[in-house]
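One structure is given below, encoded as structure tokens.
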Amino acid sequence: MSIQPQPSTPGTQNINSYSDQLRMESFGYTDHNLQDMEYDIDPINHFFSAITDNCSYYTEEHYNVNIKCKDKFSLVHFNSRSMYANFDNIKEYLCNFSQRFSVIAISETWFNAEKGVENFILEGYELRYCNRLNKGGGGVALYVDKTLHFRVVNSMTAVVDNMLECLTIEISQENQKNIVVSCIYRTPGSNMDMFTGWMEKMFVDKNKVIFVCGDFNIDLLNPHKIKAVEEFINTMYSICLFPRITKPSRITASCATLIDNIFSNDTENKTVNGLLINEISDHLPVFTVYDSSYVNHKLYFSMGYRRIKTETSINAFKTELLEHNWDVIYQKETVDEAYDYFLRIFGSMYDKHCPVKKFKEKIKYFHCPWITKGLQNACKKKNTLYKNYLKKRTKEAEIKYKKYKNKLTQIIRTCKKEYYGKLLEENKSNIKKTWGILNTILRKGNKEDSYPKYFISKSEEIDQREEIAKRFNVFFVNVGPELEKQIPDPGTFGKDVQMLIDRNPSSMFLNPVTENEILKTVRGMKGKLSTDVNGIDMALVKTVISGILKPLEYIFNLSFQTGSFPNQMKIAKVIPLYKTGNKHHFTNYRPVSMLPQLSKILEKMFITRLNSFIEKHKILDEGQYGFRSNRSTSMALMNVIENITNAIDNKKHVIGVFIDLKKAFDTINHCILIHKLERYGIRGLVLDWIRSYLSNRKQFVKVEGACSQCLDIVCGVPQGSVLGPILFILYINDLFQVSNKLRLVLFADDTNVFCDGDDLQQLIEIVRRGWKN
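Numbering (UniProt numbering), first residue to last: 1 to 773.
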């Protein structure tokens with residue numbers, strides 16, 4: 001039976017409160033047969049039923065057919081009751097909607113600071129969250145569509161112990177009022193008067209469109225006529241925040257309550273509101289769609305430029321390179337002149353056959369590829385059974401629904417397992433792709449590569465892409481020099497090098513480069529698609545290499561003969577890559593440097609000769625395992641284990657010190673490096689070539705199509721280079737000569753120091769002081 005309020009005769013009672021007004025408006029409200037209504041599954045009749053006719057229950061199919069979100073703001077709220085338990089369910093459920101929500105609000109996230117939130121990524125959205133401070137549970141979060149320009153409103157974001165968590169953002173709009181969205185979770189049993197007072201103080205801005213959603217744990221149906229509930233309703237009404245959800249949001253076999261809601265100050269009735277029939281938790285998701293026409297659909301696309309490359313155009317490009325007369329290059333006497341001319345010819349032909357055109361690319365949003373069409377239909381049937389249970393609330397309906405749900409859950413898990421199992425099997429020989437698949441599974445989504453709408457520097461918000469690229473470049477080029485300043489002055493460095501590095505009487509020479517050597521080297525390189533400063537990728541070079549072998553042979557040999565490295569090969573394009581922490585801070589990104597593709601080939605030519613000289617004269621210590629042929633991390637680990645187990649077998653104490661050198665590659669002093677290389681036998685023209693290779697290097701940063709100006713790099717070895725790692729291990733090679741009592745195992749800059757002996761205190765002192773004798 002439905003519960004129907006007794007009607008009052010109009011004019012016989014005063015309207016002293018919002019609740020009274022609602023009751024008056026419900027006069028004449030009649031009972032209805034729930035079984036005959038497709039989408040109205042109200043378990044009770046109540047006074048909110050007469051307030052609005054645009055709040056209904058929706059399945060996802062009904063929502064997709066009847067709710068149009070284009071150019072509109074849409075907000076959905078889930079009470080997740082632990083994202084750790086239900087994030088996958090929420091993600092899979094959202095994939096059923098043909099139109100994405102602008103903002104996805106989550107209450108009861110139960111986020112744990114120690115576990116972090118890296119596993120809760122939704123592609124196409126930016127995550128902001130607010131956790132409880134002193135105990136678990138609670139917590140709120142907002143996923144905001146990346147096409148929106150928004151900021152967190154700190155003055156309206158708060159955590160009040162034993163009362164609430166609130167997260168607020170403001171979305172900027174052109175030529176219209178900004179939209180403020182708050183997600184609130186009120187602690188059950190907390191003081192309602194204090195909560196009502198807090199709400200009254202917080203949401204008073206009448207010049208913006210406000211949406212306050214969440215789990216308030218206040219039953220607006222108020223069947224027991226609790227005064228505090230009426231005061232809360234009256235207060236929200238007084239600050240022009242009206243409930244958009246007017247039907248029960250939490251329905252069980254014994255009761256139905258309206259505790260999840262979305263309040264708005266929209267007085268023009270521009271919203272369509274409703275509840276989604278889904279059993280992710282015991283709270284139904286609630287939504288609102290606001291017709292503000294705020295979205296320019298072009299924002300759904302990122303604009304950029306792309307080369308139009310087809311097999312036909314690349315073959316035509318290769319043919320023209322083969323037919324071109326390169327004699328002018330062979331007349332150039334300096335390597336810079338020869339390479340600059342080659343680059344102009346190569347670039348003009350490349351642009352001719354593979355022109356750059358403007359394009360727009362739709363932003364990618366999350367999806368669950370293991371959810372097949374059959375599973376989607378099964379999910380619809382499950383929701384139909386759930387809706388039927390909410391209508392009837394009988395034991396028979398509940399058993400039927402739960403039995404089907406449990407079976408479907410098992411099938412979905414099996415399909416997901418088989419999907420990723422097949423992917424892993426297909427990519428078992430590709431370690432990079434295998435780790436990418438594993439990270440997708442472990443992180444419950446792909447790691448976001450895009451940048452936020454703005455960055456923060458000294459409390460200043462920067463949203464212009466050109467300025468962001470400039471700030472990134474300044475930060476990256478200064479990391480090395482700033483750290484280098486903290487390194488103590490070597491003082492009598494020359495004398496120390498004399499003692500630690502024995503001078504090699506032999507000197508290194510550079511043999512000429514041949515066409516076959518270049519061809520073999522290029523064919524052995526990976527065909528990556530990342531482009532350099534000239535827009536060239538290695539996949540293209542591998543395809544057209546036969547057409548440019550002769551000019552490259554001349555340029556490379558001219559470089560070796562003159563001890564000069566082409567300046568155009570020293571310009572690096574840097575892409576900032578997010579590491580961890582606040583995505584709006586420059587310091588939480590690391591640079592990924594992309595050097596010219598042809599410079600990598602020249603470096604390969606040099607490194608072949610350098611490695612041959614190093615191996616012949618046994619320059620590198622056997623304890624160095626990084627960047628050396630026929631050596632690996634496994635071998636380094638075996639060495640470490642052997643050091644420890646041998647000492648234990650001999651009943652000795654072992655001390656191990658594990659050192660991670662901060663920004664080691666960026667802090668190399670060029671003068672010290674050159675001095676050490678000379679001692680190792682790299683002299684004359686070869687040393688001049690390395691000086692030229694290290695000097696006058698520049699880099700610029702590219703952020704979503706915006707590029708900074710080039711800045712000079714004054715220290716360190718080039719990141720992303722082939723030669724840089726070898727120069728680094730030569731730079732620290734004399735570290736092995738520091739002590740006769742300490743045993744070192746290195747993998748590039750990862751340094752492990754071991755010492756064993758009978759007297760533990762003496763060992764500690766040896767390790768502390770690093771004695772040589």
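Ideal placement from N, C-alpha and C gives every residue a C-beta, glycine not left out. Values in this document were obtained by computation on a predicted structure and should not be read as measured data.
Could you give the C-beta distance for residue i and residue j, rounded to a whole number, given that I count them as a contact under 8 Å?
i: residue 553; j: residue 722; result: With 8 Å as the limit, residue 553 and residue 722 do not qualify as a contact, their Cβ atoms being about 19 Å apart.
i: residue 132; j: residue 165; result: 6 Å
i: residue 212; j: residue 222; result: Not quite, the Cβ-Cβ distance comes to about 19 Å (not below 8 Å), so this is no contact.
i: residue 184; j: residue 117; result: Actually they do not touch by this definition, with Cβ atoms about 19 Å apart.
i: residue 179; j: residue 73; result: 6 Å
i: residue 544; j: residue 747; result: Wrong, their Cβ atoms sit about 37 Å apart, outside the cutoff.
Can you give me the Cβ contacts of residue i inside the same chain, cut-off strictly under 6 Å, excluding the 5 residues immediately before and after it?
i: residue 529; result: 537, 539
i: residue 724; result: 717, 718
i: residue 382; result: 404, 405, 408
i: residue 600; result: 722
i: residue 659; result: 751
i: residue 560; result: 510
i: residue 795; result: The chain is shown from 1 up to 773; residue 795 falls before or after that span and cannot be answered.
i: residue 742; result: 753, 755
i: residue 593; result: 572, 574, 719, 720
i: residue 547; result: 318, 321, 322
Among the options, which one has its Cα closest to the Cα of residue i?
i: residue 374; options: 743, 76, 96; result: 96
i: residue 414; options: 327, 372, 432, 581; result: 372
i: residue 442; options: 84, 114, 56, 64; result: 84
i: residue 676; options: 732, 54, 714; result: 732
i: residue 504; options: 56, 130, 761, 680; result: 680
i: residue 259; options: 270, 278, 286; result: 286
i: residue 590; options: 475, 621, 704; result: 475
i: residue 201; options: 236, 178, 174; result: 236
i: residue 75; options: 67, 81, 523; result: 67
i: residue 710; options: 239, 395, 229, 477; result: 477
i: residue 697; options: 189, 690, 562, 712; result: 712
i: residue 65; options: 72, 55, 98; result: 98
i: residue 730; options: 281, 620, 765, 691; result: 620
i: residue 86; options: 111, 263, 219, 323; result: 111
i: residue 692; options: 563, 737, 471; result: 563
i: residue 354; options: 309, 220, 316; result: 309
i: residue 522; options: 597, 461, 456, 533; result: 597
i: residue 761; options: 700, 744, 655, 747; result: 655
i: residue 280; options: 268, 249, 266, 453; result: 249
When the Cα atoms are used, what is the spatial distance from residue i to residue j?
i: residue 583; j: residue 94; result: 25 Å
i: residue 580; j: residue 433; result: 22 Å
i: residue 217; j: residue 451; result: 36 Å
i: residue 756; j: residue 487; result: 29 Å
i: residue 606; j: residue 143; result: 50 Å
i: residue 549; j: residue 542; result: 11 Å
i: residue 440; j: residue 104; result: 21 Å
i: residue 153; j: residue 182; result: 9 Å
i: residue 78; j: residue 669; result: 55 Å
i: residue 587; j: residue 389; result: 53 Å
i: residue 401; j: residue 379; result: 11 Å
i: residue 463; j: residue 150; result: 11 Å
i: residue 351; j: residue 344; result: 11 Å
i: residue 21; j: residue 208; result: Residue placement at residue 21 is poorly supported in this model, since its pLDDT is 41, which falls under 50; the coordinates still yield a value, given next. The straight-line gap from Cα to Cα measures roughly 26 Å.
i: residue 385; j: residue 397; result: 7 Å
i: residue 612; j: residue 512; result: 14 Å
i: residue 242; j: residue 198; result: 17 Å
Spatial neighbours of residue i within its chain, please: C-beta separation below 7 Å, excluding the five flanking residues on both sides.
i: residue 507; result: 681, 683, 684
i: residue 615; result: none
In chain order, what residues of the same chain lie with their CB nearer than 8 Å to the CB of residue i, ignoring the 5 residues before and after it?
i: residue 465; result: 703, 704, 705, 706
i: residue 387; result: 41, 57, 59, 277
i: residue 526; result: 538
So is residue i in contact with chain D if we call contact Cβ pairs under 7 Å?
i: residue 450; result: Absence of chain D from the displayed structure is noted, only one protein chain being present.
Start-end ranges of the alpha helix (DSSP H) lying completely within the segment 604-675, minimum 4 residues: 633-649
Whole runs of the alpha helix (DSSP H) within the segment 422-457, excluding any shorter than 4 residues: 431-442
3 or more residues per run - each beta strand (DSSP E) lying fully within the segment 277-345: 286-290, 301-307
Runs of beta strand (DSSP E) lying entirely within the segment 147-220, each at least 3 residues, in chain order: 150-152, 158-160, 164-171, 179-186, 209-215
Runs of alpha helix (DSSP H) lying entirely within the segment 353-410, each at least 4 residues, in chain order: 373-392
Complete runs of the beta strand (DSSP E) confined to the segment 695-759 [at least 3 residues]: 697-703, 711-713, 743-747, 750-757
Beta strand (DSSP E) segments (min. 3 residues) lying fully within the segment 60-99: 73-79
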